[in-house]
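> Here the sequence shown stands for residues 3 to 334, numbered as in this note's numbering.
Below is a structure I'd like to ask you about.
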Amino acid sequence: MELHCQPNRMKSPYRFAIHYVCSRTLRAGRIIVCNDNDTDHDGIPDYADGYGLFDLPEYQASTNTLFVPIVFELPAPIDHERAKVRLTYDASDPMRVTTNSAGGHLLPDSKKLRLWTKEGGEARDGRSAVEGGDFLAAGEYSAAEFGFTNESSCVLTYYIEAVRPSEEVGDLRILFEVQPDERAGFMAADAVRLTALQMQYFGNPNGWSIFQLDPPPSDETLWNWRQNIADGRAHLADPCRTEAVDWIAEQERQQQLEEPTKPLENYIFTFNGVNFQKGTARTPIDACTIQRYNGATKRVIYWKNKTLTQPGSWEINAARRAYVDDVCGEIQ
Ligand SMILES: [Ca+2]
């Protein structure tokens, strides 16, 4: 079985994968997958379904849709009668989704998240909670409007829905602030950071899900994005990296035999503005690992043997560099 990764038609999930690989410290926060399936197979995408967008029966439920729980807690002691809370996030108004003549459901703007008082599979009311609905728009609420109805209800579990993917890793933030009473200002109670991913099921030859594995080694890898990442990273480690390590070692042995004055660490290999050099954070082994992930076995960096008329030299294989250039174009 061969796994490989294609550069075409992938932006944000791919960018995520590359960050995952290239940056050792990923500050993604909570990972959330965009709610753009059609879980109940009624032709309405989940981000437009289940909350009464239109007064038609098919818009009233989105069975099996799952959101990510988020817990809000009022610090104690606090006066529920006087306390206010403020919610700040990139809120997309569910009732402003529109349809077009092709039957598509269009989000109103570039905003990426929604907070709900109910789980995705429950029948929801898309109006704002202050209008009697279940959507928590950004803004200020009395404690009671937010759901903190009495002294014993200091902890509320609500739900996050992502409707668009992140543009950067960890770029989404939900800030929750509390004003204990009118004498004080709002003070930060808590914030969470998120990265929203769009699952993309391109299939052959562009691969499956976040790490674009092709073919996916199991159903679990296909449908469970955590497993997809785990398997993609494992594949990068072995065979991609192990083979790249062996390849570069072999090339260096040859170079030592032919031209000992040309050690690999003296050379910089540049792909789409990104430098790879032995002894730095990005090495020739990394470049070969990336290329190997695309399925190709011919190495992108190699020692060109000396001949009777030409000295030996370190080279980039021009015919094999396109994929590494594409990947490096995603590095910010
Ligand atoms: Ca649906």
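Yeah, the Cβ is synthetic: ideal placement off N, Cα and C, and Gly gets one too.
Beta carbon of D38: closer than 7 Å to some heavy atom of ligand 1?
No, Cβ of D38 sits at least 7 Å from all heavy atoms of ligand 1.
> Cutting at 7 Å between CB atoms, please list the residues of its own chain near R26, excluding the five before and the five after it.
At R26 the pLDDT is 35, less than 50, meaning the model places this residue with poor confidence and gives no usable figure here.
> Would you kindly work out how many angstroms separate the C-alpha atoms of D328 and I318, rounded to a whole number?
15 Å
> Between the Cα of F148 and the Cα atoms of R185, R88, V326, which residue gives the shortest distance?
R88
> Give every residue of the same chain whose Cβ lies closer than 8 Å to the Cβ of Q257, excluding the five residues on either side of it in the sequence, and list them in chain order.
K264, P265, L266, W305, G314, W316
> Quick one: is the Cβ of D57 within less than 7 Å of any heavy atom of ligand 1?
D57 Cβ: outside cutoff for every heavy atom of ligand 1.
> Taking only runs that begin and end inside the region 156-228, name each unbroken alpha helix (DSSP H) of 4 or more residues, in chain order.
As far as the region 156-228 is concerned, its whole alpha helix (DSSP H) runs of at least 4 residues are 221-225.
> For the structure I just gave you, are there three or more beta carbon pairs, one from the region 143-158 and one from the region 90-105, closer than 8 Å?
no
> Let me know the beta strand (DSSP E) ranges lying completely inside the region 94-135, each 3 residues or longer, listed in chain order.
115-118
> Relative to ligand 1, is the shortest distance from any of its heavy atoms to the C-beta of T41 smaller than 7 Å?
T41 has its CB nearer than 7 Å to a heavy atom of ligand 1.
> By how many angstroms is the C-alpha of I34 removed from the C-alpha of S64?
18 Å
> Can you list, in chain order, the residues of its chain whose CB lies under 6 Å from that of D44, leaving out five sequence neighbours each side?
E60
> How long is the line joining the alpha carbons of G331 and G275, rounded to whole angstroms?
Going from the Cα of G331 to the Cα of G275 covers about 8 Å.
> So is the beta-carbon of D328 under 7 Å away from any non-hydrogen atom of ligand 1?
Not so, every heavy atom of ligand 1 lies at least 7 Å from the Cβ.
> Going by the beta-carbon positions, is the gap between V194 and R32 smaller than 8 Å?
yes
> Tell me which same chain residues have a C-beta within less than 7 Å of the C-beta of S130, skipping the five on either side of it?
Excluding sequence neighbours, S130 sits near F137, A139.
> Is A19 buried or exposed, if buried means 16 or more other CB atoms sit within 10 Å of its CB?
With a pLDDT of 48 at A19, under the threshold of 50, the modelled position of that residue is not reliable, and no figure is offered here.
> Output the boundary residues of the beta strand (DSSP E) element that contains F273.
271-273
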